[in-house]
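Below: one structure, written as structure tokens.
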Amino acid sequence: MLKWKVHTILVLTIFSFGIDSVPARTIQEARQAIVRSTMDYLSIPYLWGGTNPQTGLDCSGFVQLVYHRAGFGVPRVSGDQFRLTAYLGPTSVREADLIFFSMKNPSSRRVDHVGIYVGKGYFVHASFSNGIHIDNVNNRYYYERIVGIRKFPGF
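As structure tokens, this is what we get:
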């Protein structure tokens, strides 16, 4: 009984950060919900500053929307999302973690783009030319622009 109580308290504590009234669940279930949700927005057009799938989404608006659907409050812009997350080594990345990029000026390492890792080397993001779609992290264009792979506290 004590083990069950400790586990329940741990799960509730982990998800109390940034959560929007969602029933307690395991971390793995939350990650799976996030990955499933990314697929609902494929082919939505890109719109700078967009936060509504009816009109279009930008990269950070997409991340915010997907995490919100899973019950997590997330900042609006990619730079703030980066600052709120914790560093992960390249071999530690898991589904639903975030990949941050410096697209405009790669040598600056200034975060200006974000995508959600969905597993097996792929991530979903909002690109200017293709809207919400899936890309391979190992695509040289993206790989050379990675600033960091990060996760939200509790993940």
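Using the numbering used here, the letters of the sequence shown map in sequence onto residues 648 to 802.
For each residue, glycine too, the CB sits at the ideal point set by N, CA and C.
I need the straight-line Cα distance from residue i to residue j, nearest angstrom please.
{"i": "Leu689", "j": "Leu731", "result": "26 Å"}
{"i": "His780", "j": "Tyr734", "result": "25 Å"}
{"i": "Val669", "j": "Ser749", "result": "For Val669, the predicted model reports a pLDDT of 48, less than 50, meaning its position is unreliable; a value from the coordinates is still stated below. Rounded to the nearest angstrom, the two C-alpha atoms are 33 Å apart."}
{"i": "Asn793", "j": "Ile763", "result": "Looking at the sequence itself, residue 793 is Ile, so the reference to Asn does not match. Between Ile793 and Ile763, the C-alpha separation is close to 13 Å."}
{"i": "Ile674", "j": "Gly801", "result": "8 Å"}
{"i": "Tyr714", "j": "Gly768", "result": "20 Å"}
{"i": "Gln711", "j": "Asn783", "result": "21 Å"}
{"i": "Thr685", "j": "Val724", "result": "18 Å"}
{"i": "Lys751", "j": "Asn699", "result": "24 Å"}
Could you tell me which residues DSSP puts in a beta bridge with residue i?
{"i": "Lys798", "result": "Ala733"}
{"i": "Phe770", "result": "Tyr764 and Asp782"}
{"i": "Asn699", "result": "Gly703"}
{"i": "Phe747", "result": "Val761 and Gly795"}
{"i": "Tyr693", "result": "Leu704"}
Sufficient close CB pairs (3 or more, under 8 Å) joining the region 712 to 719 to the region 750 to 760: no
- request: Indicate whether the contact test is met: 3 or more Cβ pairs, each with one atom in the region 695 to 709 and one in the region 671 to 684, closer than 8 Å.
  value: no
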